[in-house]
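Residue numbers (the numbering used here), protein chains in the order written: chain A, 10 to 362; chain B, 10 to 362; chain C, 10 to 362; chain D, 10 to 362.
C-beta: ideal position from N, C-alpha, C; glycine also.
Computed from a prediction, not measured in an experiment: that's the story for all the values here.
Scroll down for the structure; my scribbles are underneath it.
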């Protein structure tokens, strides 16, 4: 019954096998090895665009490096008020950009409100040197609320940003979950929409530790800038083949989409089960592998005592709980949790928090 | 009819005279001159506390240096969502702190909502290394909305911050206006409340260009840190006596409070007059020298054509207008503006924007 | 007998008069006033080039802003190992650039050794992403050793830099002294040589506090970048007319060159006098207004007791002494010092340190 | 014949096995897993001190984070003029410290000259706020020149630094090689000498990608500071167990020392062989696993054509060549290279470069 996060699970056998296979003989270091050099072809094909690919081992690094490539230090980045880049990275984006400002945009269920975004872009864009000029819009897909932007919703945001001359970043730490749900191609969700930089995540969905910054149609200056930031940030791994091997195995033969589909299915199962439990109040629509539910405090404590793993979402004393499924989550995990939750909720009379 | 800002006016005769007087003979440089060295005594007496004083020539520098002395780069600073430090300094605080995050707190009329602040401090303070830890609360007095926090309101905010271990910064670019209105002493408004750092402003209220960071009961480490930041930021003026002379003259014999009272009186006169004009909608209570009023677009354009100077507050096409009075604003300025506004509003039938 | 620095002196009467004259009525703020707007014409004419001019009140700010406009954060800046930007600005350039590296180049008498510079540019420029790429060469004219690069020497350095694709910055905090000595025009020393950015100093040579970043043929992106850095660094003075008035008066009718010539003449007088004192060992050729001389420790102490003001150059216990003349230095100052020095040296038997 | 670097080789079987073993079931993320939590005990025992351990996957990260924990942004770090932190990390230390200055100290064979270091610490430490205050001395052991500081030499440097109030960092990316040579214990080389922070390297000596910042007797503030920097720099790996498993296996049963001894032995074999080849000029004493040799340009080209892998050290056209041995280097590799080198040198008549 471990729903703490998708990153508490081990790596998938396929990816582990690729890592072991990469551990043969000598290979040139610092990303000049064949595996790493092959990534731009692999990802270029995957996303239907000329790309630059810079592997990292954390999503925080991928996000911070992406943003720092897209904005000067004096720019304003707009993102959802609950975005990971805004709340959960201890200021990584501020650090890598040299003090850019992330400005939170409100919106339901983890998705930016288009009107609020447009108003902020308009206001900020008409002020003088006193305001930081808007430079980037960042969207997370799937979102931090476990929902998924529709292609139309994304297109509207991106078109509005482009119209104002902004660049667009996508935090794709759970991109696979979005693709598995939407059923569209990676091309549809990235290059066709006009994404400029993508944080491509693999760790939450089967890798040991492998993410990447993917720049779309990068300028020479962007490549250079990112290459140096990547190095001075300490992300140019000397034996890079071991990261690149994970990325290759991750996207090979649709491995990532299969893993993501599995996690989504478990999320849907949790959702369906919780909806049948009186007093368990779902906070957001469940569209991927994350479930947010409000439970009474005694139920939370009882479930923890029962051995269920999950995180409170917000302060330590909140009664909003996050449950995350992964490719390794089993039906039994889900059903055991639902049974326990049903029992514990019944004990408090099915009264909502 | 120039109400664009309090910094469009010339320096007061008293301060100009002090500057001329300081231009005699040699004086040691980089803040080791007698005028600068005397500031800690002068300000210590004024604020009833041991203080460190670092003169600057801009308020942006004073704010950024203050904040960077109080927080590490990974800290979160809470301020009102319309705070000057958040919106109007092009990221000066982010730059000087090395990428701290300013988190906006909502609240009416430029004043932070206490409950919202407390909730944010609680949530942020209970998260792990992923969130930036709350380190500073910054209040502006008088506020960016032209209102003034009551001593009780300030005390509640500061006590809540201190209870959570945060430090407190006051942006006092218009501190004189607040004192003139509240009728309390500088001691009451700073050291007695527990302020840790004050951005002390003189430029808007009569100086040519003179502000200061005032640290209250600074630690040795804070003094050192500020001294180096001040230097490397380019604010250690070599002929510092010319800044310090302004500061001395500014506070001498209550000059600053007289100037501020004059500006406040003109603000009140504008307020009273506008209230009599049908269709002119005041946005905030007028408690100092700034007046925010909504006017119909044709009226705004007509008043500009009449030669009135003021700023639209927000985007370039907003109908919210800011009028600022200074020590040099005359009754005639105010009355001429009111007459013009009355006439132009009548032309549109007194219909609000 | 005050030779501590050229910034211990008061402002010149001409500049003070201009400041007083500027203190009339209202003027738009933050550099939109007519005086500031006129600077680009004035300086464009002076330097024979299209320029952007951003006034500051310190030389540290002018240097740091200049460099941060010319290099990305990951670039290497080459300068003399005794350059002010390397040693005396508490890391201002590192701070404003976001962590660029200043790499010291050796060379006699404050002037970079051309071969050493070329070797460093070659080596650094052929390394991969591990080394910071060379981006800027910074020269100081007149130098920190009180010498002056010949036009030929400067041209050789600048041509070598340009050939490698680097940009060139000139620290001109004492530019007037160099011009007064060389007898060439400001055009010859800047735009004709291919300077990209100039830190233009006025404070040491008669102003109260006025310097400027002058960009030559700036790109749109450089202008924007500098404008935001200038603001967020806290250097966009609200009542900018008071800085700009100083700059205008400084260059009007050759005022700056007259002041500089006067200071140089006093430097030459000191030099000539010291050469006649047995045991006083001049460290560098005296070509401007600064004199470096080695004196025995007892003589240094005795001269201090005699009331002479000067700085030890390096550690507190060094016997290398710096004497600086300004436009306000008198023949009597110089002669009194020489008399005292002669007497004190005689007391120790004319034995060198 | 691959001597390009120690990081071109695969991971050792022991470490790969540990990684595979760690890939079982769920584990809490972001360093809260048992393997990571166990590191402080393991390293505390190893180094004979209370320590804090923060794993990273690159040495650049370990160095930059170590330095940024020890110095404020305005501090000066002294290191050898050929130190990796100075030349080879694209400004990582400048980036993480927020613009501290690395000041190069000369010295033979990669080791700082004690007198030069002392003089610089003295001078910098007696200057005012204009100079950056000396805060850290960084030593590399084994050095970038493939030599090893004696314990006495290190003690002299560290004692001199401590006397001036500086902190000491050791870049131990090849610490194992030093220990294997000196035959002393890890305690002797670190805590007994008074090291404050160690960059502990495993990647070059058998790991896939595992390094660590080790703080000795850290203060609460240092731990907090490092924890946040580690996170915001993007180095808090979510599945940290996979890094920690490598570190545990690396030091278990002396695995690291055996690997290092093997590499050193191969280095010595190269050294001995090269000494017998007329015209091959060894640049530094060979004391660890790196060999620096000057060869004529035609010989370099011929050896490359023969399939030998190595790096030119400095510019692309230098004739100084670096050869690095690792735990996986074989006697045959060495002997083949020596044979080829002997043959090629003979072809040019044994004439030195």
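To the nearest angstrom, report how far apart residue i and residue j are at their CA atoms.
i: residue 136 of chain D; j: residue 323 of chain C; result: 8 Å
i: residue 340 of chain C; j: residue 24 of chain C; result: 23 Å
i: residue 18 of chain D; j: residue 362 of chain D; result: 30 Å
i: residue 102 of chain A; j: residue 70 of chain A; result: 9 Å
i: residue 55 of chain B; j: residue 147 of chain B; result: 21 Å
i: residue 355 of chain B; j: residue 287 of chain B; result: 8 Å
i: residue 306 of chain B; j: residue 167 of chain B; result: 40 Å
i: residue 271 of chain D; j: residue 240 of chain D; result: 36 Å
i: residue 79 of chain D; j: residue 207 of chain D; result: 11 Å
i: residue 313 of chain D; j: residue 131 of chain A; result: 59 Å
i: residue 27 of chain B; j: residue 149 of chain A; result: 58 Å
i: residue 153 of chain B; j: residue 265 of chain C; result: 42 Å
i: residue 13 of chain A; j: residue 212 of chain A; result: 15 Å
i: residue 53 of chain C; j: residue 96 of chain B; result: 34 Å
i: residue 38 of chain A; j: residue 220 of chain D; result: 16 Å
i: residue 236 of chain A; j: residue 290 of chain B; result: 54 Å
i: residue 232 of chain C; j: residue 61 of chain C; result: 7 Å
i: residue 308 of chain B; j: residue 325 of chain B; result: 15 Å
i: residue 304 of chain C; j: residue 91 of chain C; result: 21 Å
Return the residue from the list the options that minimises the CA-CA distance to residue i.
i: residue 164 of chain C; options: C:155, C:60 and C:178; result: C:178
i: residue 29 of chain A; options: A:285, A:331 and A:258; result: A:258
i: residue 140 of chain A; options: A:268, A:82 and A:255; result: A:82
i: residue 269 of chain A; options: A:187, A:109, A:128 and A:331; result: A:187
i: residue 51 of chain C; options: C:180, C:292 and C:256; result: C:256
Beta carbon of residue i, beta carbon of residue j: below 9 Å?
i: residue 216 of chain D; j: residue 32 of chain A; result: no
i: residue 299 of chain B; j: residue 155 of chain B; result: yes
i: residue 66 of chain B; j: residue 218 of chain B; result: yes
i: residue 176 of chain C; j: residue 205 of chain C; result: yes
i: residue 294 of chain C; j: residue 89 of chain C; result: no
i: residue 111 of chain A; j: residue 87 of chain A; result: yes
i: residue 247 of chain A; j: residue 68 of chain D; result: yes
i: residue 44 of chain D; j: residue 320 of chain D; result: no
i: residue 196 of chain D; j: residue 58 of chain D; result: yes
i: residue 84 of chain C; j: residue 106 of chain D; result: no
i: residue 332 of chain C; j: residue 301 of chain C; result: yes
i: residue 203 of chain A; j: residue 173 of chain A; result: no
In three-state terms, what does DSSP make of residue i?
i: residue 293 of chain D; result: coil
i: residue 242 of chain A; result: coil
i: residue 344 of chain B; result: helix
i: residue 251 of chain A; result: helix
i: residue 332 of chain C; result: strand
i: residue 306 of chain B; result: helix
i: residue 11 of chain D; result: strand
i: residue 260 of chain C; result: helix
i: residue 136 of chain C; result: coil
Subject >> Residue ranges of each beta strand (DSSP E) within the region 17–86 of chain A, 3 or longer >> reply: As far as the region 17–86 of chain A is concerned, its whole beta strand (DSSP E) runs of at least 3 residues are 60–65.
**OP:** Pick out the complete alpha helix (DSSP H) segments inside the region 84–114 of chain C, 4 residues or longer, and give them in chain order.
**Re:** Within the region 84–114 of chain C, the complete alpha helix (DSSP H) segments of 4 residues or longer fall at 93–96 and 101–106, listed in chain order.
Subject >> Inside the region 168–246 of chain A only - alpha helix (DSSP H) runs reaching at least 4 residues >> reply: DSSP runs (the alpha helix (DSSP H)) wholly in the region 168–246 of chain A: 184–191, 195–198 and 229–241.
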